[in-house]
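K.L.:
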DNA sequence: CATTGACTTATTGTATACAAACAATTAAAT
DNA sequence: ATTTAATTGTTTGTATACAATAAGTCAATG
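Chains as they are written, first to last, in full-length UniProt numbering: chain A, 1 to 223; chain B, 1 to 223.
(1) Which residues of chain B have a Cβ atom closer than 7 Å to the Cβ of residue 89 of chain A, listed in chain order?
(2) How should residue 16 of chain A be labelled, buried or exposed, when 16 other C-beta atoms within 10 angstroms of its C-beta is the threshold for buried?
(3) Run through chain B and tell me which residues come within less than 7 Å of residue 71 of chain A, C-beta to C-beta.
(4) Apply the 10 Å Cβ neighbour rule to residue 62 of chain B and answer buried if 16 or more other Cβ atoms are within range, or exposed otherwise.
(5) Pull up the CB-CB distance for residue 130 of chain A and residue 175 of chain A, whole angstroms please, since I reckon it's below 8 Å.
(6) Measure from the alpha carbon of residue 189 of chain B to the alpha carbon of each residue in B:24, B:14, B:83 and B:211, then state which is nearest.
(7) Is the distance from the Cβ of residue 227 of chain B to the Cβ of residue 105 of chain B below 8 Å?
(8) When you compare the CB positions of residue 147 of chain B and residue 135 of chain B, do they come within less than 8 Å of one another, or not?
(9) Pick from B:120, B:57, B:128 and B:14: whose alpha carbon is nearest that of residue 101 of chain B?
(10) Could you tell me which residues DSSP puts in a beta bridge with residue 60 of chain A?
(11) Identify, in the order they occur along the chain, each residue of the same chain with its Cβ nearer than 8 Å to the Cβ of residue 196 of chain A, setting aside the five sequence neighbours on each side.
(12) What is the C-beta distance between residue 58 of chain A and residue 33 of chain A, in whole angstroms, given that I count them as a contact (C-beta under 8 Å)?
(13) Can you check whether the C-beta of residue 49 of chain B is within less than 8 Å of a C-beta belonging to chain A?
(14) Counting only Cβ-Cβ distances shorter than 7 Å, please list the residues of the UniProt domain "HTH gntR-type" (1–63) of chain A near chain B, keeping chain order.
(15) Which residue wins for smallest C-alpha separation from residue 108 of chain B, given the options B:10, B:70, B:171 and B:73?
(16) For residue 45 of chain B, count neighbouring C-beta atoms within 10 Å of its own C-beta (all shown protein chains included) and say buried if the count is 16 or more, exposed if not.
(17) Among the candidates A:54, A:138, A:41 and A:126, whose CA atom is the shortest distance from the CA of residue 86 of chain A?
(18) Are the segment 38–52 of chain A and the segment 34–42 of chain B touching, with three or more C-beta to C-beta distances below 8 Å?
(19) Starting from the Cα of residue 204 of chain A, find the closest Cα among A:52, A:69 and A:116 and give me that residue.
(20) How would you call residue 56 of chain B, buried or exposed, if buried means at least 16 neighbouring beta carbons within 10 angstroms?
(21) Compare the C-beta of residue 145 of chain B with all C-beta atoms of chain A and state if any pair is closer than 8 Å.
(22) With 16 as the cutoff for other CB atoms within 10 Å, does residue 149 of chain B come out buried or exposed?
(23) Residues of the segment 184–216 of chain B with a CB closer than 8 Å to any CB of chain A: list them in chain order, please.
(24) Taking just the CA atoms, how far does residue 152 of chain B sit from residue 24 of chain B?
(25) Here's a check: name, in chain order, each residue in its chain whose Cβ is nearer than 6 Å to the Cβ of residue 72 of chain B, leaving out the five neighbours to either side.
(26) Establish whether the CB of residue 168 of chain A and some CB of chain B are separated by less than 8 Å.
(27) Leaving out five residues on either side along the sequence, give the residues of the same chain with a beta carbon under 6 Å from the beta carbon of residue 31 of chain B.
(28) Take the Cβ of residue 154 of chain B as the centre, count every other Cβ of all protein chains shown within 10 Å, and call the residue buried at 16 or more, exposed below.
(29) Give me the chain B residues within the contact set of residue 94 of chain A, using Cβ-Cβ distance strictly less than 9 Å, ordered along the chain.
(30) List the residues of chain A that residue 77 of chain B touches, going by C-beta distances under 8 Å, in chain order.
(31) In this structure, does DSSP put residue 69 of chain A in helix, strand or coil?
(32) Are there 16 or more other CB atoms within 10 angstroms of the CB of residue 103 of chain B, so buried, or fewer, so exposed?
(33) Nearest by alpha-carbon distance to residue 163 of chain B: which of B:120, B:74 and B:9 is it?
(34) Mind checking whether residue 80 of chain B and residue 194 of chain B have CB atoms under 8 Å apart?
(35) Taking DSSP as the reference, what is the three-state secondary structure of residue 189 of chain B?
(36) What does the Cβ neighbour count give for residue 116 of chain B, buried or exposed, with the cut at 16 atoms within 10 Å?
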């Protein structure tokens, strides 16, 4: 694993919390490297917006509720467009890939046991795979580039691990609608279904943040 | 000027041509620096997609006609959305800024003398300013982040310097329409006008590329 | 004459050293 | 006791040195 992945994953998994300053030397020591490769990894993370530059060095970016809303708006726009373009440009092979990914998604959901982190991790991963196949089918490499940067941010909040089986089944239904629209070459229907799908995700994350906040308030009171 | 700007501008101005390999040491010597800051600049350019990684080091990215089409699709989507959001969220001050930028644009166009590079440079700059004010008014920082990366690429082709006064006046009219729609809080009209505007830009760049190609073919024949 | 293999050169990737800037803590003065 | 100045310590930014790897060249052989 290289320095970039190490730091990025640490941020995503919450090991490096928002506002935390990233000291080059301690990072270097932790992963048995010199400061040089660390600095490059940090430059990359900076360009992606996961860390923000300070007067000296960088700190892990703190995303507000408003950031989440903006990012999801952006993602809805981009992935909605990708879905509509996929309905136009998809090859037979693209359709196969999408169907395969969706079958894996269905299987992962059927394996799901309430509140089991491991099975949810699978679901999240397979879900991402499905979204990727759609973006691939849209035949727009540049959209792909930008979506991949937008997708990372909400992961930081790890709200994904709070889906219940009803929500998951609902999500699967929307996947099927998207797939059908793309198969039938209906760009507008594909876009709208994708919109709905991602906005559901947004509501979920925002609700989760609300809960987190409440838990935080509770803690304060207990103190 | 720092290393990042130096290299980026060299690419934009055509000093570093597509496919050209960027050797760290020669760059370092050219701007009286060591390799360390050069490498960081290159990492950043890599994250933005202006240079592509090789087995060792990087080379200036070569953009195809298809890339241009994809990038403009993306830009249309993003800036169209920004315009529609600006029509919803714009403050009084935003409107002032937009009008100010557009007046400067009008003045720059009136100063324009056919085939004068300097006056065209002004126009391009003021035009960019106008687009920025709209993105600012949309109140979506993340959209802004992604648009800024998309906008750079077409500049590489420097087709902007081939506008004639008729096209410029046409462009000014569309600007006015966009401004009016945003002022009157008509998001859909703003979006459509912005679409039209950017697609005009796309056609212009593509036509320019076609001409370049023809000139190239002519050269081949002469040889 | 072409093709392959070894050797040489050049360039990157990583480590380390040093200087400069910022932060923090302590001491002194009002 | 509080505020300011100074000194110390930590961390970044830049330079340089060294090792590893890719590429290019030249010679030798089929």
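Built from N, CA and C at the ideal position, the CB exists for glycine as well.
P.N.:
So, from the listed chains and residues:
(1) Neighbours of residue 89 of chain A on chain B: none; closest Cβ ~11 Å, over 7 Å.
(2) Around the Cβ of residue 16 of chain A, a 10 Å sphere holds 16 or more other Cβ atoms; the residue is buried.
(3) Simply 142.
(4) It counts as exposed.
(5) Indeed they touch by this definition, with Cβ atoms about 6 Å apart.
(6) Looking at the Cα atoms, B:83 is the closest of the given residues.
(7) As shown, chain B starts at 1 and ends at 223. That puts residue 227 of chain B outside it, with no answer to give.
(8) Going by C-beta atoms, residue 147 of chain B is nearer than 8 Å to residue 135 of chain B.
(9) A check of alpha carbon separations from residue 101 of chain B across B:120, B:57, B:128 and B:14 identifies B:128 as the nearest.
(10) Bridge partners of residue 60 of chain A: A:51.
(11) Excluding sequence neighbours, residue 196 of chain A sits near 174.
(12) Not really, about 17 Å apart at Cβ, beyond 8 Å.
(13) It does: the Cβ of residue 49 of chain B has a partner Cβ on chain A nearer than 8 Å.
(14) Going along the UniProt domain "HTH gntR-type" (1–63) of chain A in chain order, one finds 39, 40, 43, 44, 47, 48 and 49 with a Cβ nearer than 7 Å to chain B.
(15) Out of B:10, B:70, B:171 and B:73, B:171 has the C-alpha closest to the C-alpha of residue 108 of chain B.
(16) Residue burial is scored here from C-beta neighbours: residue 45 of chain B has at least 16 other C-beta atoms within 10 angstroms and is therefore classed as buried.
(17) Comparing Cα positions, the closest option is A:138.
(18) Per the Cβ contact rule, the segment 38–52 of chain A is in contact with the segment 34–42 of chain B (3 or more Cβ pairs under 8 Å).
(19) When each option's Cα is compared against that of residue 204 of chain A, the closest is A:69.
(20) Counting every other CB atom within 10 Å of its CB across the protein chains shown gives residue 56 of chain B a total below 16, marking it as exposed.
(21) With 8 Å as the cut-off, residue 145 of chain B counts as an interface residue toward chain A.
(22) Counting Cβ neighbours within 10 Å, residue 149 of chain B comes out buried, since at least 16 surround it.
(23) Residues: none.
(24) The alpha-carbon separation between residue 24 of chain B and residue 152 of chain B amounts to approximately 23 Å.
(25) Same-chain partners within the cutoff: 202.
(26) Not a single CB atom of chain B sits nearer than 8 Å to the CB of residue 168 of chain A.
(27) Result list for residue 31 of chain B: 6, in chain order.
(28) Under the 10 Å beta carbon count, residue 154 of chain B is surrounded by 16 or more other beta carbons and is classified as buried.
(29) Here the premise fails: no neighbours, minimum Cβ distance about 17 Å.
(30) From the beta-carbon of residue 77 of chain B, the residues of chain A found nearer than 8 Å are 77, 78 and 81.
(31) Correct three-state label for residue 69 of chain A: helix.
(32) Exposed.
(33) Of B:120, B:74 and B:9, the residue nearest in Cα terms is B:120.
(34) Going by beta carbons, residue 80 of chain B and residue 194 of chain B fall inside the 8 Å limit.
(35) For residue 189 of chain B, the secondary structure class from DSSP, reduced to helix, strand or coil, is helix.
(36) Exposed is the call here.
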